[in-house]
Structure formats: structure tokens, C-alpha cells
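>
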Amino acid sequence: EVQLVESGGGLVQPGSSLKLSCVASGFTFSNYGMNWIRQAPKKGLEWIALIYYDSSNKYYADSVKGRFTISRDNSKNTLYLEMNSLRSEDTAMYYCAKWPGTGAFDYWGQGVMVTVSS
Amino acid sequence: DVVMTQTPPSLSVAIGQSVSISCKSSQSLVYSDGKTYLHWLLQSPGRSPKRLIYQVSNLGSGVPDRFSGTGSQKDFTLKISRVEAEDLGVYYCAQTTHFPLTFGSGTKLEIK
Chain A
2 EVQLVESGGG
12 LVQPGSSLKL
22 SCVASGFTFS
32 NYGMNWIRQA
42 PKKGLEWIAL
52 IYYDSSNKYY
62 ADSVKGRFTI
72 SRDNSKNTLY
82 LEMNSLRSED
92 TAMYYCAKWP
102 GTGAFDYWGQ
112 GVMVTVSS
Chain B
2 DVVMTQTPPS
12 LSVAIGQSVS
22 ISCKSSQSLV
32 YSDGKTYLHW
42 LLQSPGRSPK
52 RLIYQVSNLG
62 SGVPDRFSGT
72 GSQKDFTLKI
82 SRVEAEDLGV
92 YYCAQTTHFP
102 LTFGSGTKLE
112 IK
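First to last, the protein sequences are chains A and B. Here the first sequence is numbered in my numbering, starting from 2 and rising by one per residue. Here the second sequence is numbered in my numbering, starting from 2 and rising by one per residue.
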């Protein structure tokens, strides 16, 4: 059974940093790209970053480019999102999602909440 | 960026009825490999999104065949035949042809 478990969220002040993790199981993590997608309270879905299976390519939404960094450790089956210079508008539930060959998001984690507030 | 326009924003339907949701993109979603990367997701209340349909018309694993997807280029439709209570939630279309990847604004399905 595919499982994606996010962690690392919390309440932080504007301008601070946070690092999210997503631990994968139930599939060969090193064979698949992975995404981070967020959802602000009562809002829709916003894709923020994608990393290829071998970290050879990374893509970001303009809203986070230069502030957020996606990375992975295939030896630990773990995806990361390092978030710097956090703003109130970064407040959201953050999901990791698997990227299969079909180009869709076929499995999602349960999400982790990040709140940026003074 | 590719803008995904979903309509209607909400709908209310009785159990057993059929419904359709429209998703229109601002650009063609046909990729250079000839495939169309338009997908449909359902977010049930309090849950993470779940993939329903990928590449326009392919049912995801375990998704009942009451769900079907059609369309091409810039115009796509999700149809739910014989709606069941478990179908309530917010439906999103998503395109993964162009970066940045984008989602529609969602269609909230309520059961009468």
C-alpha cells in the first residue's frame, strides 16, 4: 500500500524558515518524481514544486521560486521542502504527491499545516 | 500560466442523478508526445485529494466506472452517472502539460 506521510509543519513567524518532510512507502521511491502542492484555508489547490526521480530537474511556481527548495534523499525514501522567508500568504496545508509516468498526481499524503503569523 | 476555468462552481444533485462538470484551459493541453495531460481529482470533506481520472479519460485505480472523462485540446468534461452519497466533495481539474502545473478552482458537489 502506497503511503506518504508529511511532517515538520507548525506555527512560525513571518521571515522565518521551516523544513517539511514526506516519507514514502509502498513503492520504489527512487523511480518516481514527487510534488509539493498546497492549499490555503478554504481555498483551492496550488502546485508549488516538482522534483524528478533522480533530482536532475526541479520546477517551482513563481510564488515560491527563490524562497523554497525541493529536494529528496532516495536512500531514506524522503522528500523535503525547505521554506525560507516565509510570508503570511504561505499559510496552507502542504501535501506531497507522487508523480507517475501518466503525469498525474496518483497518491497524496494526509498533509501538514504551516501557519505563518506573528 | 495556463488558466483552468471550471464550471459550475457548485451544484446540488439527488442520489441517482447524473452530473457534468466542465473544465476549459487557456491553452491546448496536448503535449509534444501527443498525449493530453488533463486530470480530475476529488477532495472529499476533510480529506486529501484523490485522483479520479488521468489523461482525459483513463480511470484511476479503484475508481468506479460511474465516472468518465471526455474532451480534447482545451475543452474537457467530467461526468458522474448515478451519483452516490460518497461522491460529495470538491472536484478539481488539473493540467500537467505546461509548467507551472495548474488546477481549476474547483466544483463543489452537494447531495440534495
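Just so you know, even glycine gets a beta-carbon here, dropped at the ideal spot from N, CA and C.
Counting only the same chain and skipping the five closest in sequence on each side, list residues whose C-beta sits under 7 Å from that of A/Gly-34.
Contacts found: Leu-51, Ile-52, Tyr-53, Tyr-54, Trp-100.
> A/Glu-83 lies in the beta strand (DSSP E); which residues open and close that run?
79-84 is the extent of the beta strand (DSSP E) around A/Glu-83.
> Considering only C-alpha positions, which residue in the set B/Ile-22, B/Gln-28, B/Val-14, B/Ile-16 is nearest to B/Thr-115?
Since the first residue of chain B shown is 2 and the last is 113, residue 115 of chain B is not available in this structure.
> On the DSSP bridge assignment, give the partners of B/Val-3 in chain order.
Per DSSP, none; premise fails for B/Val-3.
> With a threshold of 8 Å, are at least 3 pairs of Cβ atoms found where one atom belongs to the segment 62-71 of chain B and the other to the segment 7-14 of chain A?
Not touching, per the Cβ criterion.
> Is B/Ala-86 helix, strand or coil when you go by DSSP?
Helix at B/Ala-86.
> On the criterion of 16 or more Cβ atoms from any shown chain inside 10 Å, does B/Phe-77 qualify as buried, or is it exposed?
That one is buried.
> Check this for me: beta carbons of A/Gly-110 and B/Gly-107, under 8 Å apart or not?
No, Cβ-Cβ distance for A/Gly-110 and B/Gly-107 is not below 8 Å.
> Please list, in chain order, all residues of the same chain as B/Pro-50 whose beta carbon is under 8 Å from its beta carbon, the five residues on each side excluded.
For B/Pro-50, where only same-chain residues beyond five positions count, the Cβ hits under 8 Å are Leu-42, Leu-43, Gln-44, Tyr-93.
> Can you tell me where the beta strand (DSSP E) with A/Ser-8 in it begins and where it stops?
4-8 is the span of the beta strand (DSSP E), which, as asked, contains A/Ser-8.
> At least one CB of chain B closer than 8 Å to the CB of A/Trp-37: is that the case?
It does not; no Cβ of chain B falls within 8 Å.
> Could you pull the DSSP bridge partners for B/Val-14 from this structure?
Paired residue(s): B/Ile-112.
> In angstroms, rounded to a whole number, what distance separates the CA positions of A/Thr-79 and A/Cys-23?
So the alpha carbons of these two residues sit roughly 5 Å apart.
> Is the Cβ of B/Phe-100 closer than 8 Å to any Cβ of chain A?
Yes - at least one Cβ of chain A is within 8 Å of the one on B/Phe-100.
> Using the C-alpha atoms, what's the distance from B/Ile-81 back to A/Ser-119?
When rounded, the distance between both Cα atoms is 44 Å.
> Return the residue from the list A/Thr-116, A/Asp-107, A/Leu-87 that minimises the CA-CA distance to A/Asn-36.
With distances taken between Cα atoms, A/Asn-36 lies closest to A/Asp-107.
> With a threshold of 16 other CB atoms inside 10 Å of the CB of A/Thr-29, please say whether the residue is buried or exposed.
With fewer than 16 Cβ atoms within 10 Å of its Cβ, A/Thr-29 is classed as exposed.
> Cβ closer than 8 Å: which chain B residues qualify as neighbours of A/Thr-29?
Ordered by position in chain B, no residue passes the 8 Å Cβ test against A/Thr-29, which lies about 17 Å from the chain.
> Tell whether a beta-carbon distance below 8 Å holds between B/Ser-11 and B/Lys-75.
Contact: no.
> Along the chain, where does the beta strand (DSSP E) that runs through B/Lys-80 open and close?
Taken as a continuous stretch (DSSP letters only), the beta strand (DSSP E) holding B/Lys-80 covers 76-81.
> Nearest-angstrom Cα distance between A/Ser-56 and B/Ser-19?
Going by the C-alpha atoms only, they are around 43 Å apart.
> Under the rule that 16 or more other beta-carbon atoms within 10 Å means buried, what is B/Gly-35, buried or exposed?
Its Cβ having fewer than 16 others within 10 Å, B/Gly-35 is exposed.
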